[in-house]
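Right, here's the structure in full:
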């Protein structure tokens with residue numbers, strides 16, 4: 118059954134609006150997603166939806182109608198919301214008129230340690246939401262198994278970061294607020310090749326022999342990887358540049374490194390398949 122909301126003083130609207138702030142997202146373990154694509158991605162990947170909001174003037178659109186019907190069939194509360202209260206919980210300039218509250222999923226690194234091969238990306242204080250979201254999206258595209266974020270990174274569950282992931286947040290495990298030194302040491306014990314990306318020194322990413330288990334570490338946009346963390350990694354890797362720019366954007370560097378790891382794995386598999394024909 119659809120419930121109608123006409124006031125921005127409605128307690129459900131107030132709760133949804135509170136989730137625009139990180140402290141309440143952390144407290145409640147829930148966050149907002151907005152738009153047809155993101156909500157459909159959440160549904161397709163069995164993400165738990167707590168509530169659906171749609172603007173009253175657009176629910177006749179088929180895409181929105183389909184989402185409403187799916188939620189109603191799953192007994193998810195659906196709210197038809199007047200323009201003013203809806204605009205209070207919307208975080209986009211040109212809203213598609215549909216928003217959902219979804220629950221965070223908790224992941225463990227034990228997911229990785231049970232595998233014979235895996236690749237992951239580790240972010241140390243990457244603070245731009247667009248960079249974090251793009252890295253998650255790229256990790257998903259190149260078949261990586263996990264993204265790990267230190268404290269001080271942009272909040273994965275902010276609207277800007279979520280939109281930058283383009284739904285990939287629901288495809289790949291993401292672990293946040295991690296103490297990285299202990300994680301890097303654990304990965305080293307698991308014979309993972311831990312790779313620190315640096316602009317000025319290290320082995321060229323094109324000359325690397327990557328392993329069955331690789332961890333690409335991306336540092337803060339302005340400071341790079343901290344000296345403290347650098348002491349724990351196995352290898353420094355650089356991306357060759359021939360122009361005058363001093364360094365690459367964090368998400369660009371991460372994307373190039375992830376592509377190189379994927380490309381190397383494909384070539385090695387082709388060699389293996391050829392030798393075993």
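Residue numbers (this note's numbering): 118 to 394. For each residue, glycine too, the CB sits at the ideal point set by N, CA and C.
Alpha-carbon to alpha-carbon, residue j and residue i
i, j, result
"residue 132", "residue 268", "26 Å"
"residue 383", "residue 330", "14 Å"
"residue 379", "residue 241", "22 Å"
"residue 260", "residue 236", "8 Å"
"residue 363", "residue 221", "38 Å"
"residue 412", "residue 228", "The displayed coordinates of the chain run from 118 to 394. Any statement about residue 412 would go beyond what the structure contains."
"residue 355", "residue 313", "8 Å"
"residue 303", "residue 297", "10 Å"
"residue 368", "residue 328", "22 Å"
"residue 387", "residue 263", "24 Å"
"residue 322", "residue 377", "7 Å"
"residue 164", "residue 226", "20 Å"
"residue 271", "residue 392", "45 Å"
For residue i: DSSP bridge partner residues
i, result
"residue 172", "198"
"residue 346", "Residue 346 pairs with nothing; no bridge assigned."
"residue 284", "Looking at the DSSP assignment, residue 284 forms no beta bridge with any residue, so it has no partner."
"residue 267", "295"
"residue 248", "None; residue 248 has no bridge partner."
"residue 260", "Answer by DSSP bridge pairing: none, since residue 260 is not bridged."
Beta-carbon spacing of residue i, residue j below 9 Å
i, j, result
"residue 249", "residue 217", "no"
"residue 335", "residue 371", "yes"
"residue 199", "residue 275", "no"
"residue 365", "residue 325", "no"
"residue 219", "residue 253", "no"
"residue 169", "residue 141", "no"
"residue 136", "residue 155", "no"
"residue 134", "residue 205", "yes"
"residue 309", "residue 266", "no"
"residue 167", "residue 151", "no"
"residue 375", "residue 316", "no"
"residue 130", "residue 194", "no"
N- and C-terminal bounds of the alpha helix (DSSP H) containing residue i
i, result
"residue 228", "227-230"
"residue 359", "Run containing residue 359: none; DSSP gives neither H nor E here."
"residue 155", "153-161"
"residue 106", "Outside the modelled stretch of the chain, which goes from 118 to 394, sits residue 106, for which no answer is possible."
"residue 144", "139-145"
Close Cβ partners of residue i (< 6 Å) along its chain, the five nearest in sequence each way excluded
i, result
"residue 257", "285, 288 and 289"
Sequence-distant residues of the same chain with beta carbon closer than 8 Å to residue i, five excluded per side
i, result
"residue 301", "239, 311, 332, 334, 346, 349 and 350"
Residue span of the beta strand (DSSP E) that contains residue i, given as start and end
i, result
"residue 217", "215-220"
"residue 355", "352-355"
"residue 238", "235-240"
"residue 312", "310-314"
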